[in-house]
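Asks: Counting from 5, one number per residue, gives the positions in the sequence shown under the working numbering. Beta carbons: idealized from backbone N, C-alpha and C, even for Gly. As the structure is a computational prediction, the values presented were derived from the model and not from experiment.
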Amino acid sequence: MASAAGPKYKQDMPPKGGYGPVDYSRKIFKRIKGKYILGGFLPFTAYCWWMISETKRYNRMHQLENTEANIALEPLLMAEKDRMVLKLFRQNCELEEDLMKDNPDWEFGTLFGLPIFHDVKKRGIMPHGYELFAHTNLFYGEELSKKYYTRSQGAYFEQITRRNADIPSNEDYSKNY
5 MASAAGPKYK QDMPPKGGYG PVDYSRKIFK RIKGKYILGG FLPFTAYCWW
55 MISETKRYNR MHQLENTEAN IALEPLLMAE KDRMVLKLFR QNCELEEDLM
105 KDNPDWEFGT LFGLPIFHDV KKRGIMPHGY ELFAHTNLFY GEELSKKYYT
155 RSQGAYFEQI TRRNADIPSN EDYSKNY
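Listed below in structure tokens is the structure:
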């Protein structure tokens, strides 16, 4: 039954005459000569050094551009911060004036009759940042003071906020420096 329907298998046998001789001698690999290795290594190293220098140059130019942009924008940002500070101090002054209008002994912009911003050199003294947020929540005021308060020009600050007409001129500034 199996002989008629199924395929006939042939067993693998060695070839006639047997196998050839087995080569078991030592084979030494061919080595690449040093001049060829050096010939490939030096151009590759030179290319890598060139790429490193180009990347450093690009990064330096990018950093210079960002620095110049920051320098150009810094006066604008400082002016905006100073404007915000002056506006808030002006509001505080108006609020103080409104709160103390019924007290006849109260002089606006003074502390018990003494000027708050007394300066011997008449340059003006910069108020502290916490004064900016005098009528706000204490913790929120300290947080805002750390975040936004910057030093401004004291004398002009005093003129705008305290309505002081005695403002030093530029000559007074140059004498003190």
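Along the alpha helix (DSSP H) that carries aspartate 211, what are the first and last residues, could you check?
Replies: What is shown of the chain runs 5 to 181, which leaves residue 211 out entirely.
Asks: Output the distance between the C-alpha atoms of asparagine 70 and proline 79, rounded to the nearest integer angstrom.
Replies: In the sequence shown, residue 70 corresponds to position 66, counting from 1. In the sequence shown, residue 79 corresponds to position 75, counting from 1. So the two alpha carbons sit approximately 15 Å from each other.
Asks: For leucine 136, tell me which candidate among Arg87, Val26 and Ser57 has the shortest Cα-Cα distance.
Replies: The count along the sequence shown starts at 1 and reaches residue 136 at position 132. Of the listed residues, the one whose Cα sits closest to leucine 136 is Arg87.
Asks: Can you give me the Cβ contacts of glutamine 95 inside the same chain, cut-off strictly under 7 Å, excluding the 5 residues immediately before and after it?
Replies: In the sequence shown, residue 95 corresponds to position 91, counting from 1. Excluding positions up to five away in sequence, the list is empty.
Asks: Would you report the Cα separation of glutamate 98 and aspartate 106, rounded to the nearest angstrom?
Replies: What you label residue 98 is simply residue 94 of the sequence shown in a count that begins at 1. What you label residue 106 is simply residue 102 of the sequence shown in a count that begins at 1. Those two C-alpha atoms are separated by around 14 Å.
Asks: What residues match up with leucine 115 in a beta bridge as DSSP calls it?
Replies: For the purposes of this step, residue 115 is identified with residue 111 of the sequence shown, where counting begins at 1. DSSP, once it has assigned bridges, lists Leu118 as partnering leucine 115.
Asks: According to the neighbour-count rule (16 or more other Cβ atoms, all chains shown, within 10 Å of its Cβ), is valine 26 buried or exposed?
Replies: For this step, residue 26 is matched to residue 22 along the sequence shown. With fewer than 16 other Cβ atoms within 10 Å, it is exposed.
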